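S.K.: Numbering of the sequence shown is given in the working numbering, commencing with residue 292 and proceeding in unit increments.
Ideal Cβ positions, reconstructed from N, Cα and C, are used throughout, including at glycine.
Remember, predicted model here, so these are calculated numbers, not experimental data.
Starting off with a structure, shown below.
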Amino acid sequence: KQDHYDFGMRAVKSILVMAGALKRANPDQEEDVLLIRAMREANVPKFLRDDTVLFIALIKDLFPQAVITDDPNAQLVEYLKKDIAANNLQATHGFLLKTHQLFDTMVVRHGVMTVGQTFCAKTTILNTLKRTLTAMKHDNCDPSGNTPLFNVVHTHVLNPKSITMGELYGDINPMTREWTDGLLSGIARNVKSESNVKPDRQWIVFDGPVDAIWIENMNTVLDDNKMLCLFNGERIKLPGTASFVFEVQDLKVASPATVSRCGMIYMEPATCVPTDARVKSWTESFPAYYQVMTEKI
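In structure tokens form, the structure reads like this:
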């Protein structure tokens, strides 16, 4: 068992939400096939490679007659490849897979954690998805509005461990008893006010280690009611356009209550950014007159 694994009722709910969405999109398809797809899409992103093999084997034992095939969003994959090429990255299978898994998880969860060691492309994958969704909105890829995530995305990045609790959530001056907003509460107010003007997506990104000192205060905003409770008793309800993304190395000190409230995407350097992909991007960044020497090498 890993620190970021959770199989509680919130995980079951996410599977049911995915299954319901798949059934509405594919009303003629068999329900057992749709349920298996939902279980895979909800669980495989957080598994280590060895655990993924075990999970697929269990699915085959439970549903021996079912034939399951991957059905990614072809339009999303096409735009992802365009953005990857434009930014001198490599469209490896692992990179595309984890980016698509991040998208699928954000459809059903407004709190998402990307877990993995440094240099496993957590930030790169997040930025790639952000640019892709924004480009798809500009090209009007979803005119009917069936996929709310196909929208302009704005990110607000902060490192919660670099500031105090008062600077993060807000604080009351002990002398004047005046309230001063913190970084997160200020962002929350701006996100709420902007949601009344435009439907753009707002991603609040916490790029830094998770500990029980500050993350426990996020539990209420990670619930379905998305309510941020401040130290002065004020409550700010975040709009449906807001999502919370945590880029972390591990969750050793996070409580099960926090883990269960977030969707998990586990990333490994060998899968997302293999050595040959890094070398290829590096050599392609050389000036043109170096290309001949590179080919000879």
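1) Could you give the distance in angstroms between the alpha-carbon of D491 and the alpha-carbon of D352?
2) With DSSP as the reference, please indicate the residues paired to K528 in a beta bridge.
3) V496 and E538: beta carbons closer than 8 Å?
4) Using the Cα positions of L542 and T446, report the straight-line distance between them to the nearest angstrom.
5) Which complete beta strand (DSSP E) runs does the segment 402-431 hold, if anything under 3 residues is left out?
6) Reducing DSSP to helix, strand and coil, say where C366 ends up.
7) Extract the residue ranges of the alpha helix (DSSP H) inside the segment 332-394, only unbroken runs of 4 or more that lie entirely within it.
8) In the DSSP output, what is R569 paired with across the bridge?
9) Sort M555, A568 and A561 by Cα distance to V398 and report the nearest one.
10) What are the start and end residues of each continuous alpha helix (DSSP H) run of 4 or more residues lying completely inside the segment 454-500, in chain order?
11) Please name the residue, chosen from N418, C411 and E369, that lies closest to G385 on a Cα-to-Cα basis.
12) Who are the near neighbours of A310 in its chain, counting only those whose CB is closer than 7 Å to its CB and skipping five residues on each side?
13) With A533 as the anchor, note down where its beta strand (DSSP E) starts and where it stops.
14) Counting Cβ pairs closer than 8 Å, one from the segment 389-396 and one from the segment 334-341, do we hit at least three?
15) Need the endpoints of the beta strand (DSSP E) that V448 sits in, please.
16) A548 to Q320, Cα distance in whole Å?
17) Across which residues does DSSP place M555 in a beta bridge pair?
18) Please go through the same chain and pick out, in chain order, the residues whose beta-carbon is closer than 7 Å to the beta-carbon of I454, but skip the five residues on each side of it.
M.R.: Short version:
1) Taking the straight line joining both Cα atoms gives about 43 Å.
2) Answer by DSSP bridge pairing, in chain order: M518.
3) Yes.
4) The alpha-carbon atoms of L542 and T446 are separated by roughly 23 Å.
5) Qualifying beta strand (DSSP E) stretches, in chain order: 402-406.
6) Strictly speaking, residue 366 in this sequence is Gln, with Cys absent from that position. When secondary structure is reduced to three states using DSSP, Q366 falls in the helix class.
7) Runs found: 340-353 and 365-377.
8) Its beta-bridge partners do not exist; DSSP assigns none.
9) Nearest C-alpha to V398: M555.
10) Counting only runs of 4 or more residues that sit fully inside the segment 454-500, the alpha helix (DSSP H) segments are 456-460 and 474-486, in chain order.
11) Checking every option, the nearest Cα to that of G385 belongs to C411.
12) Excluding positions up to five away in sequence, the list reads L325, L326 and A329.
13) Where A533 is concerned, the enclosing beta strand (DSSP E) stretches over A533 to V539.
14) The segment 389-396 vs the segment 334-341: in contact.
15) V444 to L449 is the extent of the beta strand (DSSP E) around V448.
16) For A548 and Q320, the distance between alpha carbons rounds to 35 Å.
17) Bridge pairing for M555: M404 [DSSP].
18) Only L474 meet the Cβ criterion.
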